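Engineer: Take a look at this one; I'll ask things after.
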Amino acid sequence: MHMDRYHFIIVGSGWRAMYYVRVAKAMPELFCLDAMYCRGQEKADKIAQEYGINTVTSIDDCINMRPDFAVIAVSKASICDTAIEWMDRGMTVLSETPAGLDTESLFRMYEYNKAVQKQVVAEQYREYPHNKAVIRLVKSGIIGDVSCMNISLAHEYHGASLMRAYLGINPGMKYSLTAKNYTFPTTETLTRYERYTDGRIADKKRCVASFEFENGKVAWYDFDSEQYRSPIRKNTYKIQGTRGEIIDDKVYYLDENNNGAEADIDIKTRIVNRGDVNPNFAVIREVESISFQGKVLYQPAHGLCGLSEDETAIAALMEKTALYSRGMGPSPYSIEDALADAYAMIRLNAMAKADKPVGKADL
13 MHMDRYHFII
23 VGSGWRAMYY
33 VRVAKAMPEL
43 FCLDAMYCRG
53 QEKADKIAQE
63 YGINTVTSID
73 DCINMRPDFA
83 VIAVSKASIC
93 DTAIEWMDRG
103 MTVLSETPAG
113 LDTESLFRMY
123 EYNKAVQKQV
133 VAEQYREYPH
143 NKAVIRLVKS
153 GIIGDVSCMN
163 ISLAHEYHGA
173 SLMRAYLGIN
183 PGMKYSLTAK
193 NYTFPTTETL
203 TRYERYTDGR
213 IADKKRCVAS
223 FEFENGKVAW
233 YDFDSEQYRS
243 PIRKNTYKIQ
253 GTRGEIIDDK
263 VYYLDENNNG
273 AEADIDIKTR
283 IVNRGDVNPN
293 FAVIREVESI
303 SFQGKVLYQP
313 AHGLCGLSED
323 ETAIAALMEK
333 TALYSRGMGP
343 SPYSIEDALA
353 DAYAMIRLNA
363 MAKADKPVGK
373 ADL
């Protein structure tokens with residue numbers, strides 16, 4: 013095992029795999045990508061030439077590199093099986109979300125992790141600079157004990173992770189769920205790989221749900237399928253507590269004399285022109301700092317590296333996973349949390365499709 017930089021390999025070569033490549037290139041003093049494992053030589057050669065990274069088609073080569081961890085960035089349907097395969101080879105794995113697509117996979121993963129404990133699921137949304145800062149602010153007690161929130165920040169398992177973090181709910185808590193899907197015509201603007209400017213309109217799904225937790229806290233979930241990339245579908249949230257609320261980076265609270273007050277969360281960013289051919293990455297906004305009333309809530313741990321919020325969050329998970337693998341820290345995201353996220357996705361999709369309420373959900 014190397015004890016200087018954090019060494020890793022990537023299993024997979026798709027959209028999500030390339031996030032880890034960009035992080036490694038942006039932070040070479042911290043991370044070393046030893047290799048990307050591809051199943052075919054033609055694909056391996058293409059990736060190596062296009063991205064300037066080492067690619068291999070031999071599993072033994074990957075094992076002999078003795079990396080700190082292996083990123084599992086394959087299709088969602090294959091993540092569970094592939095993660096177990098690489099754990100069986102002695103690897104600590106950082107596997108992409110979700111942990112599984114069905115309850116059978118989740119139970120299998122839970123039983124496996126009880127014995128092996130070498131998997132981290134890469135649920136990155138709590139590590140987003142913005143989310144990390146606001147969660148810290150909520151925990152400071154500025155708005156009192158939190159009771160409920162409207163959340164339109166991320167879909168399915170990511171959304172479930174965030175609502176529990178903001179509301180302070182453990183992954184084992186039961187909840188009642190109602191959910192419904194709607195379809196609305198929406199102008200298409202940006203996909204993973206291209207930008208549309210011809211005004212084309214297509215029907216897009218919007219899921220609205222209510223999570224009522226056993227302790228009385230409630231999360232109202234609302235997410236549009238276009239929301240991650242579309243400039244005309246923006247993220248929004250509201251968190252309410254006994255002494256105030258936070259709405260889209262504006263804090264309304266009671267001061268020490270119980271008089272109403274309000275203040276903005278101060279977010280400093282810089283524009284980074286990366287010149288990427290993909291319109292999603294050509295220009296990004298990097299967070300420099302987040303503070304509230306002079307108290308710093310977030311600063312980049314390793315300085316500015318030209319990374320987006322998503323990439324910054326992934327980098328944080330990568331570092332913590334490497335430390336976990338070396339026995340120098342806890343898992344950055346518990347398997348119980350990861351399974352609760354995936355189970356919420358399964359229940360949410362089933363209930364939205366059935367369009368009827370369900371009772372308490374418990375994994």
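Read left to right, the sequence shown gives residues 13 to 375 (this note's numbering).
Every residue gets a Cβ at the ideal spot worked out from N, C-alpha and C, and that includes glycine.
All values reported here derive from a predicted model rather than from experimental measurement.
1. In whole angstroms, what is the alpha-carbon distance linking Ile147 and Thr248?
2. Short of 7 Å in beta carbon distance, which residues of its chain neighbour Trp27, apart from the five on each side in sequence? Order them along the chain.
3. Kindly indicate which residue of Gly228, Leu335, Pro197 and Glu206 has the alpha-carbon position closest to the one of Ile213.
4. Can you list, in chain order, the residues of its chain whose CB lies under 7 Å from that of Ile283, leaving out five sequence neighbours each side?
5. In the structure shown, what three-state DSSP assignment does Met357 receive?
6. Report yes if the C-beta distance between Ser117 and Val133 is below 9 Å; otherwise report no.
7. Gln131 and Ala95 look like a contact to me (Cβ under 8 Å); what is the Cβ gap, rounded to whole Å?
8. Evaluate contact between the stretch 241–261 and the stretch 150–169, counting only Cβ atoms and requiring at least three cross-stretch pairs below 8 Å.
9. At what residues does the beta strand (DSSP E) containing Cys160 begin and finish?
10. Under 7 Å Cβ to Cβ from Leu144, same chain only, skipping five residues before and after it: list those, please.
11. Suppose you measure from the CA of Phe20 to the CA of Ile279; what does that come to, to the nearest Å?
12. Looking at the unbroken alpha helix (DSSP H) that takes in His142, where does it start and where does it end?
13. Going by the beta-carbon positions, is the gap between Phe43 and Glu321 smaller than 9 Å?
14. Just the C-alpha distance for Met103 and Tyr194, rounded to the nearest angstrom, thanks.
15. Just the Cα atoms here: how many angstroms apart are Met192 and Gly112?
16. DSSP three-state label for Cys219, please.
17. Around the C-beta of Asn125, are 16 or more other C-beta atoms found within 10 angstroms, so that it is buried, or is it exposed?
18. Exposed or buried, which one is Val308 when buried takes at least 16 other CB atoms within 10 Å?
19. Taking Cβ to Cβ, would you say Ala388 is nearer than 9 Å to Pro344?
20. DSSP has Arg282 in a bridge; who is on the other side?
21. Taking the CB atoms as reference points, tell me whether Phe223 and Tyr208 lie closer together than 9 Å.
22. On the DSSP letters alone, give me the boundaries of the beta strand (DSSP E) that Asn193 sits inside.
23. Which word fits Gly24, buried or exposed, when buried means at least 16 other C-beta atoms lie within 10 angstroms of its C-beta?
24. Under a three-way DSSP split, which group does Trp232 fall into?
25. Report the residue from Asp72, Ala60 and Asp80 whose alpha carbon sits nearest the alpha carbon of Met340.
26. Rounded to whole angstroms, what's the CA-CA distance from Met121 to Asp276? Just pull it up for me.
27. Could you name the residues of the same chain whose beta carbon sits closer than 8 Å to that of Ile75, not counting the 5 residues immediately before and after it, in chain order?
28. Thinking C-alpha only, which one of Gln136, Glu97 and Lys262 is nearest Glu274?
29. How big is the Cα-Cα spacing for Leu375 and Asp57?
30. Which partner residues of Arg207 appear in the DSSP bridge assignment?
31. Reducing DSSP to helix, strand and coil, say where Gln252 ends up.
32. If Leu352 and Cys219 are in contact, beta carbons under 8 Å, what's the gap, nearest whole angstrom?
33. For Gln239, which residues of its own chain have a beta-carbon under 6 Å away from its beta-carbon, when the five flanking residues on both sides are left out?
34. Quick check on DSSP: helix, strand or coil for Thr324?
35. How many Å lie between Lys55 and Thr281 at the Cα?
Structural biologist: The short version:
1. So the two alpha carbons sit approximately 15 Å from each other.
2. The residues are Arg204.
3. Ranking the options by Cα distance to Ile213, first place goes to Pro197.
4. If we look at Ile283 and ignore the five residues flanking it on each side, its Cβ neighbours are Val295 and Arg297.
5. Residue state, collapsed to three classes: helix.
6. Result no, Cβ atoms of Ser117 and Val133 do not sit closer than 9 Å.
7. With a Cβ gap of about 6 Å, Gln131 and Ala95 count as contacting.
8. Yes: the two stretches touch, three or more of their Cβ pairs being nearer than 8 Å.
9. Val158 to Ser164 is the span of the beta strand (DSSP E), which, as asked, contains Cys160.
10. The amino acid at residue 144 is misidentified as Leu; the sequence shows Lys. Cβ within range, chain order: Arg138 and Tyr310.
11. Straight through space, the alpha carbons of Ile279 and Phe20 are spaced by roughly 32 Å.
12. Taken as a continuous stretch (DSSP letters only), the alpha helix (DSSP H) holding His142 covers Pro141 to Lys151.
13. No.
14. Each residue's alpha carbon lies about 42 Å from the other.
15. The amino acid at residue 192 is misidentified as Met; the sequence shows Lys. The alpha-carbon atoms of Lys192 and Gly112 are separated by roughly 22 Å.
16. Here Cys219 sits in strand by DSSP.
17. Looking at its Cβ environment, which holds 16 or more other Cβ atoms inside 10 Å, Asn125 is buried.
18. Exposed, because fewer than 16 other Cβ atoms sit within 10 Å of the Cβ of Val308.
19. This structure cannot speak to residue 388, because the chain is shown only from 13 to 375.
20. DSSP output for Arg282 lists Glu298 as bridge partner(s).
21. In this structure, Phe223 lies away from Tyr208, with their beta-carbon atoms at least 9 Å apart.
22. DSSP places Asn193 inside the beta strand (DSSP E), whose first and last residues are Tyr187 to Thr199.
23. Gly24 comes out buried.
24. In this structure, Trp232 counts as strand in the three-state DSSP scheme.
25. Nearest neighbour of Met340 by Cα position, chosen from Asp72, Ala60 and Asp80, turns out to be Asp80.
26. Between Met121 and Asp276, the C-alpha separation is close to 42 Å.
27. Excluding residues within five positions, the ones whose Cβ falls inside 8 Å are Arg101, Gly102 and Met103.
28. Of Gln136, Glu97 and Lys262, the residue nearest in Cα terms is Lys262.
29. Summary for Leu375: the model assigns pLDDT 45, below 50, so the residue's position carries little reliability; its value from the coordinates is reported in the next sentence. Cα-Cα distance, rounded: 43 Å.
30. For Arg207, which the question treats as bridged, DSSP gives the partners Leu202.
31. The answer is strand: DSSP assigns Gln252 an E or B state.
32. In the sequence under discussion, the amino acid at residue 352 is Ala, which differs from the Leu named in the question. Between Ala352 and Cys219, the beta carbon gap of about 18 Å keeps them out of contact (Cβ cut-off 8 Å).
33. Here the set comprises Arg245.
34. In this structure, Thr324 counts as helix in the three-state DSSP scheme.
35. Lys55 and Thr281 have their alpha carbons spaced roughly 37 Å apart.
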